[in-house]
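Enquirer: One structure follows; several queries about it will come next.
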Amino acid sequence: MISRAKVHALFRRSISLTGSTSSRTTAATIQTNPFSSFHLPSFNSIEEEIDEASKRYENLISIEPTSDRGWGLVASQTFSEGDKVLTAKAVESVPRDSHSVQKDWDHHVRIDLPARFINHSCDANVGIQDNDFGAYDFFALRTIPEGEELAFCYETSENTISAFEECMCGAKNCRGSVGGFKKHGDELTERYGKYIASYLK
Ligand SMILES: [Zn+2]
Numbered sequence: 483m484i485s486r487a488k489v490h491a492l493f494r495r496s497i498s499l500t501g502s503t504s505s506r507t508t509a510a511t512i513q514t515n516p517f518s519s520f521h522l523p524s525f526n527s528i529e530e531e532i533d534e535a536s537k538r539y540e541n542l543i544s545i546e547p548t549s550d551r552g553w554g555l556v557a558s559q560t561f562s563e564g565d566k567v568l569t570a571k572a573v574e575s576v577p578r579d580s581h582s583v584q585k586d587w588d589h590h591v592r593i594d595l596p597a598r599f600i601n602h603s604c605d606a607n608v609g610i611q612d613n614d615f616g617a618y619d620f621f622a623l624r625t626i627p628e629g630e631e632l633a634f635c636y637e638t639s640e641n642t643i644s645a646f647e648e649c650m651c652g653a654k655n656c657r658g659s660v661g662g663f664k665k666h667g668d669e670l671t672e673r674y675g676k677y678i679a680s681y682l683k
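When the letters of the sequence shown are read in order and numbered with the numbering used here, they come out as residues 483 to 683.
What follows is the structure in structure tokens.
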């Protein structure tokens with residue numbers, strides 16, 4: 483990965499979107515964002531892809547610009563611990579790059595929206611489990627109130643992340659670096675339990 487909006491995610495300070503009223507994403511706001519050029523081949527533009535994803539998750543999740551870079555996903559309703567929050571689908575296998583997600587030791591995929599815009603946190607509120615669509619489902623690890631940004635720990639899917647030595651997710655328990663499961667596996671297993679990519683278990 484580091485993912486989709488990942489580069490930006492890792493270096494972004496954690497922001498509180500709590501209380502943010504639904505600034506529903508529109509094509510107009512998208513055009514002002516410099517991190518929005520990538521879109522899946524099945525769409526003519528990132529605007530089209532975001533619009534389609536927003537419709538599918540209406541009243542559940544909104545795609546919103548974050549305060550200092552990139553995009554993020556925000557809960558549009560309260561989720562309870564254990565709720566499935568969203569499903570990511572693999573859309574193509576790719577060599578590992580900054581937009582890919584790792585599915586197996588030598589298998590990296592591109593995933594669809596809105597999951598592609600989930601940011602990283604060392605204090606994740608959603609966790610992953612492998613699904614039948616070649617990617618991951620995301621589950622609430624605790625109660626997530628409406629308006630809170632969704633974030634998962636990239637190290638629970640990526641075995642190694644070499645591009646980023648420093649994590650600035652802003653979480654109180656930030657590990658300070660994002661090295662991947664290979665580096666923080668024991669701690670991640672203790673913290674996230676079953677919410678880790680199957681190939682890493
Ligand atoms: Zn961190």
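Backbone N, C-alpha and C define an ideal beta-carbon position, used for all residues, glycine too.
Computed from a predicted model, the values in this text were never measured in an experiment.
1) Which of helix, strand or coil does DSSP assign to Ser518?
2) Using 10 angstroms around the beta-carbon of Asn526, count the other beta-carbons present and answer buried if the total reaches 16, otherwise exposed.
3) So who's on the other strand from Asp579, going by DSSP bridges?
4) Helix, strand or coil: which one does DSSP assign to Glu640?
5) Run through the DSSP bridge pairs and tell me what Ile593 is partnered with.
6) By how many angstroms is the C-alpha of Tyr681 removed from the C-alpha of Gln611?
7) Go through its chain and collect everything with a Cβ distance to Ile543's Cβ below 8 Å, but skip five positions before and after it.
8) When you compare each of Lys585, Ser603, Gly616, Ser562 to Lys686 by their alpha carbons, which one comes out closest?
9) Alpha carbons only, please: which of Tyr618, Arg673, Val608 is nearest the one belonging to Phe441?
10) In the region 524–570, which residue ranges form an unbroken beta strand (DSSP E) of at least 3 residues, counting only runs that do not cross its ends?
11) Using the Cα positions of Leu670 and Ile545, report the straight-line distance between them to the nearest angstrom.
Expert: Based on what the coordinates show:
1) Note that Ser518 scores 48 on pLDDT, short of 50, meaning its location in the model is unreliable; the coordinates nonetheless yield the value given after this. Ser518: coil per DSSP, three-state reduction.
2) exposed
3) Note: Asp579 sits in no beta bridge, so no partner.
4) coil
5) In the DSSP output, where bridge partners are listed per residue, Ile593 has Ala572.
6) Here the C-alpha atom of Gln611 lies approximately 11 Å from the C-alpha atom of Tyr681.
7) These residues qualify, in order along the chain: Leu555, Val556, Ala557, Ser558, Val567, Leu568, Pro596, Leu632.
8) The structure shown does not extend to residue 686, since the chain is modelled only from 483 to 683, so the question has no answer here.
9) Nothing can be reported for residue 441, as the shown portion of the chain is limited to 483 through 683.
10) 543–547, 553–557, 566–569
11) 27 Å
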